[in-house]
Each structure stands twice: as structure tokens, then as C-alpha cells.
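Inspection log for the structure reproduced underneath, given as C-alpha cells.
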Amino acid sequence: MKFNLSSPPNKEKFLAEKIYSPSNPRPKVNLQKVPQSKKPLILGHFLKKPYKIPKTHENTSLPTQNSSTPKSLVSKNCRTLSQGANQIRIMSQGMNHLRNSSVNPTQNIIFKYASATQTGFIPDFPQKENQDSSLEIYNPEISMFGIFDGHGVHGGRVSNYIKNRLPLLFSKMTRDVKSSIKSAISIIKEELPTLIDTSFSGSTLNVVAIKGKKLFCANIGDSRAIVGNQINDISNKTSSGKKWASVSLSRDHKPDIEEEAARINRAGGRVLSYFDESGNPAGPARVWLKNQNIPGLAMSRSIGDAIAASVGVISEPEIIEYELTSQDKFLVIGSDGVFEFLSNEEIVKLIIPFWRNRDPQGACKIVVSSAEYRWRNEDVMVDDITVVVVFFNVD
Numbered sequence: 001m002k003f004n005l006s007s008p009p010n011k012e013k014f015l016a017e018k019i020y021s022p023s024n025p026r027p028k029v030n031l032q033k034v035p036q037s038k039k040p041l042i043l044g045h046f047l048k049k050p051y052k053i054p055k056t057h058e059n060t061s062l063p064t065q066n067s068s069t070p071k072s073l074v075s076k077n078c079r080t081l082s083q084g085a086n087q088i089r090i091m092s093q094g095m096n097h098l099r100n101s102s103v104n105p106t107q108n109i110i111f112k113y114a115s116a117t118q119t120g121f122i123p124d125f126p127q128k129e130n131q132d133s134s135l136e137i138y139n140p141e142i143s144m145f146g147i148f149d150g151h152g153v154h155g156g157r158v159s160n161y162i163k164n165r166l167p168l169l170f171s172k173m174t175r176d177v178k179s180s181i182k183s184a185i186s187i188i189k190e191e192l193p194t195l196i197d198t199s200f201s202g203s204t205l206n207v208v209a210i211k212g213k214k215l216f217c218a219n220i221g222d223s224r225a226i227v228g229n230q231i232n233d234i235s236n237k238t239s240s241g242k243k244w245a246s247v248s249l250s251r252d253h254k255p256d257i258e259e260e261a262a263r264i265n266r267a268g269g270r271v272l273s274y275f276d277e278s279g280n281p282a283g284p285a286r287v288w289l290k291n292q293n294i295p296g297l298a299m300s301r302s303i304g305d306a307i308a309a310s311v312g313v314i315s316e317p318e319i320i321e322y323e324l325t326s327q328d329k330f331l332v333i334g335s336d337g338v339f340e341f342l343s344n345e346e347i348v349k350l351i352i353p354f355w356r357n358r359d360p361q362g363a364c365k366i367v368v369s370s371a372e373y374r375w376r377n378e379d380v381m382v383d384d385i386t387v388v389v390v391f392f393n394v395d
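Mapping to the UniProt record's numbering: the sequence shown position 103 is 103, numbers consecutive.
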């Protein structure tokens, strides 16, 4: 199938987050084994793993997104804290129930949670909008927390739709947790193209459902979930974090993972990174059509992304079941803006003192500010950064 892009949308309709329209100069990089006879339209998931090559080309004004961030993204119960060029939005700890139910503190594994988000930064594009969405739903029977990292032309709309639709569908399911999550995602996958143009738009999904002492982590894309595990409960020796460990609940879905690349190749796609003028790989592996230099998506699974889906990018979640023990103290779910330059272990160590003080908001703030600091020291841009932190009390 060849996609007709001879009459692309107006410049205003292209997302500014490092997606280059025909009217904008592109990085001086070439694709391996791609015919150069036609001038390619390069549209892709550039912000996910930025590389240093774009520094060498001239800065130009970037196209703006046509629609503003939905008002529903902005919580009425949040407070902001000044941090750098943008603000960290710290969400409230209010309960948002799937069903009205009283809470018995003596039986409640979740005793505090919070989330925070900060809009990224792109030089010469101050109107950049936050495309991340987060989900925090508490219920003593089953709770749900998650991150949805939108990308592309309408990424913010896609992530926000998934955030709002998923818990509604899930609450109506009568199957087991895993089957219910898969069914809800399948419905969303079918609904999205009828509501939003997902040709070059999509979102990650990382959702953790908590039922009793069991966690069910469903992942699509490169958002991530980890658990902070206290190996040795000797308070005087654990304040430095040396006796703690991070437990991964998900793996990032990257195109260069062997089985992911094989599926994409079977579907007629190509997995290639950019190459600089010396022929060296520049940046992450990306997904391309066989004969066109689109879409350049830097993940192998997502929700939406219709063009990438035509060559093997799937929305099938990987679901991991994890049994909590008394050593498991907190859950962290973050967009890749959090994990780009911070390791799982570093994030656990950052949160430990706030866990001791029972301060999930403080934990969210330190994670977001630390991630932003690393971005500003490592790159010319900053990705949207969003995190959810849940504190446990497991007997």
C-alpha cells in the first residue's frame, strides 16, 4: 500500500515535536537503502529518543498544533509549583472511584498516591503543548493507575481519550482483569480512527490495575512501571538506598527488539535509524514503510498510528502479573520523559526519603525536576515528563 501524501495538511496541522513537514528543513541525515530520487516526507516520533544530529542544522520555526490541549487535561484540584521554564503540575490526592465504596484503612494496601506532569521544551517553539495524560483511580476492590504518552499530530487528544475511555470500559467488564484490559484496549483501538485522525498520531499505554495484593501491569510502547522494593528493613542502613532494588513491571517496546523487528519486517516495514553523513547510526531505531520515508515511529507498539500499524506496529499489550509482598513499598509509572536519562534505580533512590515521610507529592516533584535537569544537560530539548507514584502498606 502506498500512502498518497502529495497534498499534505497545512503547516499549522503538523505537530511541532520534531516532526518535519515538507515546508520545513530537515536534519541532514540519510536513510540507509532508501532511494534518493524522491524528496521524502519525514514524519515521525522524533521526541521519544532525540539525538545530537539536529544541533548541526539551522533552527527554524516549527509548525504549531491546530487544536489546543483539551480542558479536561487540566485538573481543578491541582496546584502548580514553579520549576524552570515551565511548571510542574502536582495533582491532588482526591479519590476518584469506579464505584462508591467505603475504605477500611486497616485493609487498604494503597495508602497514598499522587501524580505530576510538566510540559516539555523545544527551542523556538514556546507554544508546545503537553501530550501526556495520567490516570489515578482508587477503589478498595480494584484500583487503576496509568500513563499515556501521546505523540504525533493529535497525540494529546489520543492520550486523553484513552485515559477517559479505558476505566469506563473496564468497569463494565465481567471477565478477569487481564481479559478485561485487553478487551477495553481492543474497543478503544476500533473507536479511535472514527473520532481522531490517527494517521500520524498515537499514544503509549502503561496501566497498573491493583486487586488485593496483585498488580496487573499492561504495557504498550515505551512508558514504564517499576516497584520500589526494600530488600533489608533496617532503617538506619537503607536511607541511602543501598538496600533497595527496583523491580521492572514492563519492558519498552522498541523496533530493534528481535521479535518486534521480525514482525515489522514480515508486515512489509523497515526498521532503521537515521544515519549521519559519515554513515554512523544517529538516534533510535524507527519504523518505516517499505518504499516511503514515513512514519519514522521510534516504538514497535502503540495505540493509533494507523500508517505505522500497516507495517506491523501493534496495539497488543504485554501484561505482567505481580504479587506484592511486605518488601514492596511503592509503585512508579512514568512516561519516557522520566526514564530517558534517569535509571530505574536512580528513581527509586530519589523517592525513598519521601516514602519515609509519606509524601507522594514530594516524590513526584523530585522525579519530575530531576528528569528535567538531566534533559537540559543532555539535549537541546525536553520531553513532556509525567509520573504517578503510589505508596503501599502491605502486611
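A virtual CB, placed ideally from N, CA and C, is assigned to each residue, including glycine. Here the structure is a predicted model, which means the values were calculated and not measured.
### Task
Give the straight-line distance between the Cα atoms of residue 327 and residue 224, rounded to the nearest whole angstrom.
Here residue 327 refers to the residue found at position 327 when the sequence shown is read from its first residue. Here residue 224 refers to the residue found at position 224 when the sequence shown is read from its first residue. If you take the alpha carbons of residue 327 and residue 224, they lie about 20 Å apart.
### Query
Going by Cα to Cα distance, which pick from 215, 393, 384, 390 is closest to residue 117?
Reading the sequence shown from its first residue, position 117 is the one you call residue 117. Per the Cα distances, 384.
### Task
Using alpha carbons as the reference points, say which of 363, 358, 337, 393 lies closest to residue 378.
Here residue 378 is taken as the residue at index 378 of the sequence shown, counted from 1. Minimum Cα distance to residue 378 is reached at 337.
### Message
Rounded to the nearest angstrom, what separates residue 392 and residue 207 at their Cα positions?
### Response
What you label residue 392 is simply residue 392 of the sequence shown in a count that begins at 1. What you label residue 207 is simply residue 207 of the sequence shown in a count that begins at 1. The alpha-carbon atoms of residue 392 and residue 207 are separated by roughly 17 Å.
### Query
Do residue 389 and residue 138 have their C-beta atoms closer together than 8 Å?
Against the sequence shown, residue 389 aligns to sequence position 389. Against the sequence shown, residue 138 aligns to sequence position 138. Result no, Cβ atoms of residue 389 and residue 138 do not sit closer than 8 Å.
### Query
Under three-state DSSP, which class holds residue 29?
What you label residue 29 is simply residue 29 of the sequence shown in a count that begins at 1. In this predicted model, residue 29 has a pLDDT of only 37, less than 50, meaning its place in the structure is not dependable; the value taken from the coordinates is given anyway. In the structure shown, residue 29 sits in coil (DSSP, three-state: anything other than H, G, I, E or B).
#### Entry: Reduced DSSP category for residue 261 - H, G, I as helix; E, B as strand; rest coil
Translated into positions along the sequence shown, residue 261 becomes position 261. Residue 261: helix per DSSP, three-state reduction.
### Task
Report the option in 394, 386, 387, 382 whose CA atom is closest to the CA atom of residue 123.
On the sequence shown, position 123 is the one that residue 123 refers to. The candidate whose alpha carbon is nearest that of residue 123 is 382.
#### Entry: Same chain only: Cβ atoms within 6 Å of residue 134, ignoring 5 sequence neighbours per side
Taking the first residue of the sequence shown as 1, we reach residue 134 at position 134. Once the five neighbours on either side are set aside, the close Cβ partners of residue 134 are 115, 147, 386, 388.
### Three-way DSSP call (helix, strand, coil) for residue 330 in this model
For the purposes of this step, residue 330 is taken as residue 330 along the sequence shown, with counting starting at 1. Three-state DSSP puts residue 330 in a strand.
### Message
Do residue 111 and residue 152 have their beta-carbon atoms positioned less than 8 Å apart in this structure?
### Response
As a working note, residue 152 is residue 152 in the sequence shown. As a working note, residue 111 is residue 111 in the sequence shown. No, the pair does not count as a contact, with Cβ atoms beyond the cut-off.
### Message
Distance check for residue 210 and residue 194, CA to CA, integer angstroms please.
### Response
Numbered from its first residue, the sequence shown carries residue 194 at position 194. Numbered from its first residue, the sequence shown carries residue 210 at position 210. Roughly 31 Å between the two C-alpha positions.
#### Entry: Opening and closing residue of the alpha helix (DSSP H) in which residue 251 lies
One-based indexing of the sequence shown puts residue 251 at position 251. Residue 251: not part of any alpha helix (DSSP H); DSSP gives it neither H nor E.
### Query
In chain order, what residues of the same chain have a beta carbon less than 6 Å from the beta carbon of residue 348, not counting five sequence neighbours either side?
In the sequence shown, counting from the first residue as 1, residue 348 sits at position 348. Cβ within range, chain order: 228, 244, 246.
### Task
Give me whichever residues DSSP pairs with residue 308 in a beta bridge.
As a first step, residue 308 must be located in the sequence shown, where it is residue number 308. Answer is none; residue 308 lacks a bridge partner.
### Task
Give me the Cα-Cα distance between residue 357 and residue 341, rounded to the nearest whole angstrom.
Stepping through the sequence shown from its first residue, residue 357 is reached at position 357. Stepping through the sequence shown from its first residue, residue 341 is reached at position 341. One C-alpha to the other measures close to 26 Å.
### residue 363 (DSSP reduced to helix, strand or coil)
Mapped onto the sequence shown, residue 363 falls at position 363. Here residue 363 sits in helix by DSSP.
### Message
On a Cα-Cα basis, can you pick out the residue from 125, 309, 318 that is closest to residue 190?
### Response
For the purposes of this step, residue 190 is taken as the residue at position 190 of the sequence shown. 309 is the residue among 125, 309, 318 whose C-alpha sits nearest the C-alpha of residue 190.
### Query
Secondary structure at residue 267, three-state DSSP: helix, strand or coil?
Walking along the sequence shown from the start, residue 267 turns up at place 267. Residue 267: coil per DSSP, three-state reduction.
### Query
Would the beta-carbon of residue 303 fall within 8 Å of that of residue 158?
What you label residue 303 is simply residue 303 of the sequence shown in a count that begins at 1. What you label residue 158 is simply residue 158 of the sequence shown in a count that begins at 1. Between residue 303 and residue 158, the gap from beta carbon to beta carbon is short of 8 Å.
### Query
Closest to residue 345 by CA distance: which of 230, 181, 142, 164 is it?
Sequence index remark: in the sequence shown, residue 345 carries index 345 (1-based). Among 230, 181, 142, 164, the Cα nearest to that of residue 345 is on 230.
### Message
Quick check: what's the CA-CA separation for residue 285 versus residue 271?
### Response
Start at 1 with the first residue of the sequence shown, and residue 285 comes out as number 285. Start at 1 with the first residue of the sequence shown, and residue 271 comes out as number 271. Cα to Cα, the separation comes out at about 6 Å.
### Message
Would residue 352 and residue 367 qualify as a contact pair, given that the criterion is a beta-carbon distance under 8 Å?
### Response
If you number the sequence shown from 1, residue 352 lands on position 352. If you number the sequence shown from 1, residue 367 lands on position 367. Contact flag unset, no.
### Query
Roughly how far, in whole angstroms, is the beta-carbon of residue 317 from the beta-carbon of residue 172, given that I think they are within contact range, below 8 Å?
Position 317 of the sequence shown, counted from the first residue, corresponds to residue 317. Position 172 of the sequence shown, counted from the first residue, corresponds to residue 172. 18 Å between Cβ atoms; not a contact.
#### Entry: Minimum length 3: unbroken beta strand (DSSP E) runs contained in the stretch 111-199
Correct list: 132-137, 143-152.
### Message
Whole angstroms are fine: how far does the CA of residue 375 sit from the CA of residue 178?
### Response
Mapped onto the sequence shown, residue 178 falls at position 178. Mapped onto the sequence shown, residue 375 falls at position 375. Approximately 35 Å between the Cα atoms of the pair.
### Query
Relative to the alpha-carbon of residue 283, which residue among 185, 298, 289, 269 has its alpha-carbon at the smallest distance?
As a position in the sequence shown, residue 283 is number 283, starting the count at 1. The residue from 185, 298, 289, 269 with its alpha-carbon nearest to that of residue 283 is 298.
### Message
I need the straight-line Cα distance from residue 394 to residue 141, nearest angstrom please.
### Response
Along the sequence shown, one-based indexing puts residue 394 at 394. Along the sequence shown, one-based indexing puts residue 141 at 141. In a straight line, the C-alpha of residue 394 is about 15 Å away from that of residue 141.
### Task
Note the first and the last residue of the continuous beta strand (DSSP E) segment covering residue 349.
The residue you call residue 349 lines up with position 349 of the sequence shown. Element bounds for residue 349: not the beta strand (DSSP E) but the alpha helix (DSSP H), 344-356.
#### Entry: Neighbourhood of residue 109 by C-beta, 8 Å cutoff - its chain only, sequence neighbours within 5 removed
In the sequence shown, the residue the question calls residue 109 occupies position 109. Correct list, in chain order: 210, 212, 213, 324, 392, 393, 394.
### Query
In three-state terms, what does DSSP make of residue 302?
Residue numbering aside, residue 302 sits at position 302 when the sequence shown is read from its first letter. Residue 302 sits in coil when the DSSP states are folded into three classes, being neither helix nor strand.
### Query
If we ignore side chains and look at the alpha-carbon of each, how far apart do residue 273 and residue 305 end up?
As a first step, residue 273 is located in the sequence shown; it is residue number 273 there, counting from the start. As a first step, residue 305 is located in the sequence shown; it is residue number 305 there, counting from the start. Cα-Cα distance, rounded: 18 Å.
### Query
When the Cα of residue 311 is compared with those of 263, 198, 253, 121, which residue comes out closest?
Mapped onto the sequence shown, residue 311 falls at position 311. Comparing C-alpha distances from residue 311 to each of 263, 198, 253, 121 shows the shortest one belongs to 263.
### Message
What does the Cβ neighbour count give for residue 361, buried or exposed, with the cut at 16 atoms within 10 Å?
### Response
As a position in the sequence shown, residue 361 is number 361, starting the count at 1. When all chains shown are included, residue 361 counts as buried.
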